[in-house]
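In the order they appear, the protein sequences are chains A and B. When the letters of the first sequence are read in order and numbered with our numbering, they come out as residues 6 to 272. When the letters of the second sequence are read in order and numbered with our numbering, they come out as residues 3 to 109.
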Amino acid sequence: MEIPYTVQIRPDTGLYNAKLGIWLFLASEVMLFGGLFSAYVLLRVGAEPGMWPHGWLNVTLGTVNTLLLALSAITTLLAWAACKVRDFTKFKIFHACTILLALTFLGIKSYEYHDKLIHYEVQLTNGKFADGHLVEESKDFDLAKKNGTVTLHGRIVEKEEELMDLRAPAAQSAKLDEVTIAATDIKKMENYGPKHNTFTAIYFTLTGLHALHILGGTLVIFYFWAFGGAMWKTDPERFTNRIEVSGLFWHFVDLVWIFLFPVLYLT
Amino acid sequence: MSESEKPVCLKSYIRLCAVVFLVVLCTTSAMIATSFSHIGEGWTLKVALILAIAVVNAFLVAGYLMHLLSEKKLIYTVLAFTVIFFIGLMGLTVCATNGFPPGTVSH
């Protein structure tokens, strides 16, 4: 049995079914990300004065990722346009670019996550705070048994508030050095993972969900790129519509990043 | 007729994409410049400006790359409902930041 309206326009909607379907799906996605953005607003507005982080994320990497996604959105559109003019070779080239750009985006995101996971804030028993990237732990290091030492590349500050605004002049001029701390001097040691504070929690949630969308979209695009040849030969118009629908999803993922980047990296 | 039903010229799409990418490049630069500038006291004005620029960026992607500027009425209707619900969601969020029930202890 043939599925109706995969190519032909349905008279009552004026659209082929998959296109209406993807727009309804995208509408639900707007509400999904909208809920998380509203959580971000609540967390940010509810933070104690001076306790909302600024400058914790690498703006250069965020900018590169923004441009990579913008470029991938463009190559997706061009891949669809190539299908419309029945040029399968150009479709393959443009969609190969999309896949490479998406994988680069995910690679950069993974690097950023890794950077946060090896970045530690150590509360010392004298009330001060050590902050920096993990260099090494001594072989006998055991925080629970208070054995050994840990070395960070960072600095020691008097108050936790000093670690919040990394764009402040004091933070900008701070000299980073290797700091070795004995386990006996450590009250609490925690990396900048999701449970560190509300900022890292919402950062990992928003960007993690977005990265999952990127991964899902990349898999779909890869499937069409690698195995789309058969449908292209038998029903090119239907294949073109599939590329349009996957492209709409990809543009939506780009749209979400257009707001994630300024909200998390620039403000 | 929506954009996807019209005949397509690949060269004109490449030109359109080049323009869109240049504008995205400019708006992204403008957002970064605003973020590191010393406009206003605190973050309120900066956040408003940066989000306004992000909306321009989003308009380009939605309008030209997603062809929303020339879509069918049904899609506009679906999106209109989405916008209404999204505004409602954000409205509730704003209300929640101001209206705590009596007796709420703030930590």
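Just so it is clear, CB atoms sit at the ideal spot from N, CA and C, and this is done for glycine as well.
Mind checking C1(B): buried by the 16 CB within 10 Å criterion, or exposed? Examination of residue 1(B) is not possible in this model, given that chain B is present from 3 through 109 alone.
Is the distance from the Cβ of F96(A) to the Cβ of A84(A) below 7 Å? The answer is yes: Cβ separation under 7 Å.
So the candidates are L271(A), W262(A), F99(A); which of them puts its Cα closest to the Cα of K114(A)? Comparing Cα positions, the closest option is W262(A).
Quick check: the Cα distance between T18(A) and L76(B), rounded to an integer number of angstroms? Computed Cα separation, rounded: 7 Å.
Would you say A50(B) faces chain A, with C-beta separation under 7 Å as the test? Residue contact with chain A for A50(B): absent (no Cβ-Cβ distance below 7 Å to any residue of chain A).
Tell me which same chain residues have a C-beta within less than 7 Å of the C-beta of F99(A), skipping the five on either side of it? Correct list, in chain order: T80, L83, A84, A87.
Distance, H124(A) Cα to L139(A) Cα: Those two C-alpha atoms are separated by around 6 Å.
Reduced DSSP secondary structure (H/G/I, E/B, other) of A149(A): Coil, per DSSP.
Report yes or no: is there a C-beta of chain B within less than 7 Å of the C-beta of L211(A)? Cβ-Cβ to chain B under 7 Å: no for L211(A).
Hey, is S251(A) close to the ligand ADP, as in C-beta under 6 Å from one of its heavy atoms? With respect to the ligand ADP, the structure shown offers nothing to examine, as it has no ligands at all.
So that I know if they touch, is there some Cβ in chain A lying closer than 7 Å to that of N59(B)? The beta-carbon of N59(B) is placed less than 7 Å from the nearest beta-carbon of chain A.
For chain B, find out if any of its Cβ atoms is closer than 7 Å to the Cβ of W28(A); answer yes or no. Output row for W28(A): interface = yes.
How would you call A78(A), buried or exposed, if buried means at least 16 neighbouring beta carbons within 10 angstroms? A78(A) is buried by the Cβ-count criterion.
Is H256(A) closer than 7 Å to M68(B) when the C-beta atoms are compared? A contact, by the Cβ cut-off of 7 Å.
Are the region 139-148 of chain A and the region 168-176 of chain A touching by the rule of at least three beta carbon pairs closer than 8 Å? No, the region 139-148 of chain A is not in contact with the region 168-176 of chain A.
Of all the options C102(A), A23(A), G26(A), which has the alpha carbon lying nearest to the alpha carbon of L74(A)? Checking every option, the nearest Cα to that of L74(A) belongs to C102(A).
Between the region 146-162 of chain A and the region 183-199 of chain A, can you find at least three pairs of beta-carbon atoms closer than 8 Å? With the cut-off at 8 Å, the region 183-199 of chain A and the region 146-162 of chain A touch.
Stretch-stretch touch, CB-based, cutoff 8 Å, three pairs: the region 203-210 of chain A with the region 53-62 of chain A: Yes, since at least three Cβ pairs between the region 203-210 of chain A and the region 53-62 of chain A fall closer than 8 Å, the two stretches touch.
Please state if the CB of L260(A) and the CB of V63(B) are separated by a distance shorter than 7 Å. Contact flag set, yes.
Limits of the beta strand (DSSP E) - the one that F61(B) falls within: In this chain, F61(B) is not harboured by any beta strand (DSSP E); it is covered by the alpha helix (DSSP H) spanning 46-62.
Counting only the same chain and skipping the five closest in sequence on each side, list residues whose C-beta sits under 7 Å from that of V25(B). Here V25(B) has L62 as same chain residues with Cβ atoms under 7 Å from its own Cβ, once five neighbours each way along the sequence are excluded.
Any beta carbon of chain B sitting closer than 7 Å to that of G39(A)? Yes, contact with chain B.
Whole-Å CB distance - K117(A) paired with N63(A), under 8 Å assumed: Lys is not the amino acid found at residue 117(A); the sequence shown has Glu there. With 8 Å as the limit, E117(A) and N63(A) qualify as a contact, their Cβ atoms being about 6 Å apart.
Quick one: which chain A residues come within Cβ less than 7 Å of S39(B)? The CB of S39(B) never comes closer than 7 Å to any CB in chain A; the least such distance is about 11 Å.
At least 3 beta-carbon pairs within less than 8 Å: the region 31-50 of chain A vs the region 82-92 of chain B: Contact holds between the region 31-50 of chain A and the region 82-92 of chain B, because three or more Cβ pairs, one in each stretch, are under 8 Å apart.
Amino acids of chain B, ordered along the chain, whose beta-carbon sits closer than 8 Å to that of K97(A): Simply none; closest approach about 14 Å.
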